[in-house]
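> Residue numbering for the sequence shown follows the working numbering, starting at 1 and increasing by one per position.
Where is the CB? At the ideal position from N, CA and C, for every residue including glycine.
Here the structure is a predicted model, which is why all the values come from computation and not from measurement.
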Amino acid sequence: MKITHINNELNLSHVQHRVQLRGWVSKSRRMGGMIFIDIRDRFGITQLTVDQHSTAYERALLLRQEFVIHVSGIVVERQSKNPSLKTGEIEVQIDQLTIINTSETPPMLVLDETDALENTRLTYRYLDLRRPIQQNFLMMRSNITQTIRKVLLQEGFYELETPILGKSTPEGARDFLVPSRLYEQQFYALPQSPQIFKQLYMVAGFEKYFQIARCFRDEDLRADRQLEFTQVDIEASFVDQEDVIALIENIMTTLFLEILNISIQTPFLRMPYDQAILTYGSDKPDMRFDLELKTLEATYKNNESPLLSLDHQAYILIDRVITRKEIDILTETYKKHGGHILSYAKKEEDSFSGPLTKHFSNEQLQQLLSKNNDMIILATGKFNQVYEPLGAVRQQLGKILDLISNQTYKFLWVVDFPLFEYSEEDDRLYARHHPFTSPKNEDEMINQPLTAKANAYDIVLNGYEIGGGSIRIFKQELQQKMFEMLGLKKEEIVNRFGFFTEALKYGTPPHGGIALGLDRLVMLMTNTENIKDVIAFPKTQSARDMMMDAPSKVDEKQLEEIHIKVKI
Ligand code: ASP
1 MKITHINNEL
11 NLSHVQHRVQ
21 LRGWVSKSRR
31 MGGMIFIDIR
41 DRFGITQLTV
51 DQHSTAYERA
61 LLLRQEFVIH
71 VSGIVVERQS
81 KNPSLKTGEI
91 EVQIDQLTII
101 NTSETPPMLV
111 LDETDALENT
121 RLTYRYLDLR
131 RPIQQNFLMM
141 RSNITQTIRK
151 VLLQEGFYEL
161 ETPILGKSTP
171 EGARDFLVPS
181 RLYEQQFYAL
191 PQSPQIFKQL
201 YMVAGFEKYF
211 QIARCFRDED
221 LRADRQLEFT
231 QVDIEASFVD
241 QEDVIALIEN
251 IMTTLFLEIL
261 NISIQTPFLR
271 MPYDQAILTY
281 GSDKPDMRFD
291 LELKTLEATY
301 KNNESPLLSL
311 DHQAYILIDR
321 VITRKEIDIL
331 TETYKKHGGH
341 ILSYAKKEED
351 SFSGPLTKHF
361 SNEQLQQLLS
371 KNNDMIILAT
381 GKFNQVYEPL
391 GAVRQQLGKI
401 LDLISNQTYK
411 FLWVVDFPLF
421 EYSEEDDRLY
431 ARHHPFTSPK
441 NEDEMINQPL
451 TAKANAYDIV
461 LNGYEIGGGS
471 IRIFKQELQQ
481 KMFEMLGLKK
491 EEIVNRFGFF
501 TEALKYGTPP
511 HGGIALGLDR
521 LVMLMTNTEN
531 IKDVIAFPKT
541 QSARDMMMDA
551 PSKVDEKQLE
561 EIHIKVKI
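1. Tell me whether M525 is buried or exposed, calling it buried when 16 or more other Cβ atoms sit within 10 Å of its Cβ.
2. Would DSSP call A116 helix, strand or coil?
3. Taking a contact to mean a Cβ-Cβ separation below 8 Å, would you say A515 touches S193 in this structure?
4. Where are the alpha helix (DSSP H) runs, 4 residues long or more, that stay fully inside the segment 388-469, in chain order?
5. Run through DSSP, which three-state label would F352 get?
6. Are the CB atoms of F537 and R125 within a distance shorter than 8 Å?
7. For E249, report the span of its beta strand (DSSP E) as first-last.
8. Can you tell me whether S26 is buried or exposed? The criterion is at least 16 other CB atoms within 10 Å of its CB, across all chains shown.
9. Note the first and the last residue of the continuous beta strand (DSSP E) segment covering M271.
10. Between which residues of its own chain and V76 is the CB-CB distance below 7 Å, once the five residues before and five after are set aside?
11. Our contact map puts T501 next to Q476 with C-beta atoms below 8 Å; I'd like the distance itself, whole angstroms only.
12. With respect to 7 Å, is the separation between the Cβ of G513 and the closest non-hydrogen atom of ligand 1 below this value?
13. Between N7 and T46, which are expected to be in contact by the criterion C-beta below 8 Å, what is the C-beta distance as a whole number of angstroms?
14. Between the C-alpha atoms of V534 and F137, what's the straight-line distance to the nearest angstrom?
15. If you draw a straight line from the C-alpha of Y457 to the C-alpha of I245, how long is it?
16. Would V239 and H17 qualify as a contact pair, given that the criterion is a beta-carbon distance under 8 Å?
17. Quick one: residues in its chain with C-beta nearer than 6 Å to the C-beta of M523, no 5 flanking neighbours on either side, listed in chain order?
18. Who are the near neighbours of T333 in its chain, counting only those whose CB is closer than 7 Å to its CB and skipping five residues on each side?
19. Write down the C-beta distance between L278 and Y387 rounded to the nearest angstrom, noting that I regard them as a contact closer than 8 Å.
20. Does chain B have any CB closer than 8 Å to the CB of S361?
21. Measure the alpha-carbon distance for Q185 versus L129 and round it to whole angstroms.
22. Is M523 helix, strand or coil by DSSP?
23. What residue range is occupied by the uninterrupted alpha helix (DSSP H) comprising T333?
24. Are the Cβ atoms of Y280 and L296 separated by less than 8 Å?
25. Label L190 either buried or exposed according to how many other C-beta atoms from any shown protein chain fall within 10 Å of its C-beta, with 16 as the threshold for buried.
26. Compute the beta-carbon to beta-carbon distance between L221 and K539, rounded to the nearest angstrom, for a pair I have assumed lies under 8 Å.
27. In whole angstroms, what separates the C-alpha of K346 from that of L378?
28. Judging by CA-CA distance, which residue of D319, Q146, M252 is the nearest neighbour of F268?
29. State the beta-bridge partners of G517 as determined by DSSP.
30. Below 7 Å, is the gap between the Cβ of H433 and the nearest heavy atom of ligand 1?
31. Is the separation between the beta-carbon of L160 and that of Q211 shorter than 8 Å?
32. Can you tell which of N373, R181, R40 has its C-alpha closest to the C-alpha of D112?
33. Please tell me whether, using a cut-off of 7 Å, the distance from the CB of G469 to the nearest non-hydrogen atom of ligand 1 is below it.
34. Would you mind reading off the limits of the alpha helix (DSSP H) that contains F500?
35. Verify whether the separation of the beta carbon atoms of L419 and P449 is less than 8 Å.
36. Alpha carbon to alpha carbon, what distance is there between D319 and Y300?
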């Protein structure tokens with residue numbers, strides 16, 4: 001059906017032109033002898049009018065919300081203009097109207113300001129996605145993806161695919177398993193990332209690979225996490241950390257300039273992991289504000305105070321006294337993140353108060369709280385009970401004190417990550433990034449694993465990790481050693497990773513890469529806090545697809561075919 005214009009296009013320069021438009025009826029109302037119709041497409045809205053003498057009048061009376069129509073008419077200047085609409089200076093007096101399709105009354109308002117509950121929105125996601133705000137999120141997503149693709153192609157990368165059905169290699173998050181019909185009691189796993197395959201592309205000599213890859217991790221959902229998510233997955237041969245960093249900075253600066261018209265300075269800030277934890281209580285600190293964590297110096301320690309004789313103390317100094325209620329919010333956050341004891345002291349009208357005061361001498365308080373309205377919030381306990389929980393408090397304080405602007409974008413590279421993590425529960429080492437990450441120093445990896453550092457890096461934007469990667473192990477012996485350090489027995493290594501260690505024997509080039517979390521990146525660039533906004537068909541917080549009603553039971557016959565018996 002031919003059109004002359006889209007619905008955000010017409011203005012005073014089109015007055016007296018005959019135009020043809022199509023779209024959905026967003027609103028239709030009768031006033032006096034006139035019918036006013038808002039017609040909507042993915043670009044915008046145009047107001048149509050039909051007066052009672054028009055040949056289209058009778059048919060226009062039939063219009064309801066979400067009918068699909070095609071119209072022809074003359075553009076006229078509006079009496080009362082609508083400055084909030086791009087086409088708000090004109091309206092189209094229509095004399096031809098075709099109803100292409102009708103619609104039942106939609107179960108939710110297809111408007112930006114909808115009062116529909118999330119469950120309704122997700123059940124009728126196709127209607128929810130018709131809302132301009134949602135269309136904008138996904139349009140931005142498409143533009144962002146295309147810009148990233150463009151930069152990578154310009155840089156000589158190939159866009160290549162990797163399998164969705166693979167092997168379960170249970171190092172990392174929980175796998176989604178797919179039972180095999182042909183091989184009884186055997187399973188494929190959905191990829192948590194294309195990690196091994198992208199490295200095999202390097203072994204195979206492709207040198208520069210990328211993929212907009214879907215990844216699956218069977219983990220509990222959070223506001224910024226889904227069961228399946230999209231990574232911009234990148235790998236290149238003969239590169240070092242600086243090459244990967246430069247490539248990503250190129251992608252980010254191009255993206256922000258082309259999509260948001262914001263120019264971002266390079267090089268991005270860099271910080272070693274240890275410094276990030278000690279100064280910001282986080283491996284992904286939000287650099288839009290300061291509020292650094294300070295460690296209480298030894299001179300303040302008072303062994304008679306049970307509080308101050310605990311292993312670690314760190315505090316944040318602020319120059320505004322916050323309310324009791326705000327302190328309660330902070331304490332809740334602190335505890336939720338595994339914090340032990342959080343306390344405070346403040347100075348108002350030259351006197352000190354707060355539960356912390358009794359742990360310090362007056363002189364010490366004078367040093368800690370030098371000005372009126374100064375306040376310190378102090379965390380004490382074991383290392384893990386102090387720094388990261390206080391980091392969460394810092395983030396919350398940033399909000400309470402109104403220090404965070406959502407118009408600002410602060411990138412940060414966190415580098416020099418630990419190679420391993422020790423699990424007390426399992427009494428073994430885990431790879432902090434993944435088992436293919438190379439150590440900074442091989443002797444350290446073997447002899448001081450707990451303090452050994454990795455050639456791994458994360459890119460952080462406004463307190464969110466938006467990507468992470470590493471320079472990989474490319475020598476077979478070292479990879480073998482790494483698996484052994486992770487407590488894998490020889491047979492396990494052969495069973496799970498044999499194909500990979502075998503591949504490393506045949507002239508593997510040094511290589512490294514990174515994966516960017518596309519959903520999170522789009523979420524930040526569109527200024528929303530909910531990752532579902534930028535995913536067309538997301539799962540709910542409780543991991544359900546409301547629209548399809550999945551997961552769901554399957555027929556007995558289907559189960560039999562894959563040799564599965566459900567336990568009841
Ligand atoms: N595959 C890694 C991840 O998903 C990223 C990488 O090392 O390139 O975190």
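Walking through what the data contain:
1. Mapped onto the sequence shown, residue 525 falls at position 525. Under the 10 Å beta carbon count, M525 is surrounded by 16 or more other beta carbons and is classified as buried.
2. Residue mapping note: residue 116 aligns to position 116 of the sequence shown, counting from 1. Residue state, collapsed to three classes: coil.
3. As a first step, residue 515 is located in the sequence shown; it is residue number 515 there, counting from the start. As a first step, residue 193 is located in the sequence shown; it is residue number 193 there, counting from the start. Result yes, Cβ atoms of A515 and S193 sit closer than 8 Å.
4. Taking only runs of at least 4 residues, the alpha helix (DSSP H) segments lying wholly in the segment 388-469 are 442-447.
5. Along the sequence shown, read from residue 1 onward, the residue named residue 352 stands at position 352. Reduced to three states, the DSSP call for F352 is strand.
6. Indexing the sequence shown from 1 puts residue 125 at position 125. Indexing the sequence shown from 1 puts residue 537 at position 537. Yes, the pair counts as a contact, with Cβ atoms nearer than the cut-off.
7. Residue numbering aside, residue 249 sits at position 249 when the sequence shown is read from its first letter. Element bounds for E249: not the beta strand (DSSP E) but the alpha helix (DSSP H), 241-260.
8. Translated into positions along the sequence shown, residue 26 becomes position 26. Flag for S26 reads buried.
9. For the purposes of this step, residue 271 is identified with residue 271 of the sequence shown, where counting begins at 1. 269-272 is the extent of the beta strand (DSSP E) around M271.
10. Within the sequence shown, numbered from 1, the residue matching residue 76 stands at position 76. The residues are V15, I90, E91, Q93.
11. Here residue 501 corresponds to residue number 501 of the sequence shown, with the count starting at 1. Here residue 476 corresponds to residue number 476 of the sequence shown, with the count starting at 1. With a Cβ gap of about 6 Å, T501 and Q476 count as contacting.
12. Within the sequence shown, the letter at position 513 stands for residue 513. Because some heavy atom of ligand 1 lies under 7 Å away, the Cβ of G513 counts as near it: yes.
13. As a position in the sequence shown, residue 7 is number 7, starting the count at 1. As a position in the sequence shown, residue 46 is number 46, starting the count at 1. About 5 Å separates the two Cβ atoms, so the contact holds.
14. Locating residue 534 in the sequence shown gives position 534, counting from the first residue. Locating residue 137 in the sequence shown gives position 137, counting from the first residue. If you take the alpha carbons of V534 and F137, they lie about 6 Å apart.
15. By 1-based counting over the sequence shown, the position of residue 457 is 457. By 1-based counting over the sequence shown, the position of residue 245 is 245. Those two C-alpha atoms are separated by around 9 Å.
16. For the purposes of this step, residue 239 is taken as the residue at position 239 of the sequence shown. For the purposes of this step, residue 17 is taken as the residue at position 17 of the sequence shown. No, they are not a contact pair.
17. Against the sequence shown, residue 523 aligns to sequence position 523. Taken in chain order, the residues that qualify are I531, V534.
18. The residue labelled residue 333 in the question sits at position 333 within the sequence shown. So the qualifying residues of the chain are A392, V393, Q396.
19. Taking the first residue of the sequence shown as 1, we reach residue 278 at position 278. Taking the first residue of the sequence shown as 1, we reach residue 387 at position 387. Between Y387 and L278 the Cβ distance is about 7 Å, and since that is below 8 Å, they are a contact.
20. The structure shown contains no chain B; it holds only a single protein chain.
21. On the sequence shown, position 185 is the one that residue 185 refers to. On the sequence shown, position 129 is the one that residue 129 refers to. Spanning the two alpha carbons is a distance of roughly 41 Å.
22. Counting from one through the sequence shown, the residue named residue 523 turns up at place 523. It is helical.
23. Stepping through the sequence shown from its first residue, residue 333 is reached at position 333. Looking at the DSSP string, the run of the alpha helix (DSSP H) that includes T333 is 324-336.
24. The count along the sequence shown starts at 1 and reaches residue 280 at position 280. The count along the sequence shown starts at 1 and reaches residue 296 at position 296. No. Outside cutoff.
25. Residue mapping note: residue 190 aligns to position 190 of the sequence shown, counting from 1. Here L190 is buried: its Cβ has 16 or more other Cβ atoms, across all protein chains shown, within 10 Å.
26. Walking along the sequence shown from the start, residue 221 turns up at place 221. Walking along the sequence shown from the start, residue 539 turns up at place 539. Right, the Cβ-Cβ distance comes to about 7 Å (below 8 Å), so this counts as a contact.
27. Walking along the sequence shown from the start, residue 346 turns up at place 346. Walking along the sequence shown from the start, residue 378 turns up at place 378. Answer to the nearest angstrom: the Cα atoms are 11 Å apart.
28. One-based indexing of the sequence shown puts residue 268 at position 268. Residue M252 is the option with its Cα nearest to F268.
29. In the sequence shown, counting from the first residue as 1, residue 517 sits at position 517. Its beta-bridge partners are Q231.
30. Against the sequence shown, residue 433 aligns to sequence position 433. Because some heavy atom of ligand 1 lies under 7 Å away, the Cβ of H433 counts as near it: yes.
31. Mapped onto the sequence shown, residue 160 falls at position 160. Mapped onto the sequence shown, residue 211 falls at position 211. At the C-beta level, L160 and Q211 come within 8 Å of one another.
32. Numbered from its first residue, the sequence shown carries residue 112 at position 112. Ranking the options by Cα distance to D112, first place goes to R40.
33. Looking up residue 469 in the sequence shown gives position 469. Yes; taking the cut-off as 7 Å, the Cβ of G469 has a heavy atom of ligand 1 nearer than that.
34. Numbered from its first residue, the sequence shown carries residue 500 at position 500. Unbroken alpha helix (DSSP H) run through F500: 490-503.
35. Position 419 of the sequence shown holds residue 419. Position 449 of the sequence shown holds residue 449. Cβ atoms of L419 and P449: closer than 8 Å.
36. Taking the sequence shown and counting its residues from 1, the one referred to as residue 300 is at position 300. Taking the sequence shown and counting its residues from 1, the one referred to as residue 319 is at position 319. Straight-line Cα distance between these residues: approximately 21 Å.
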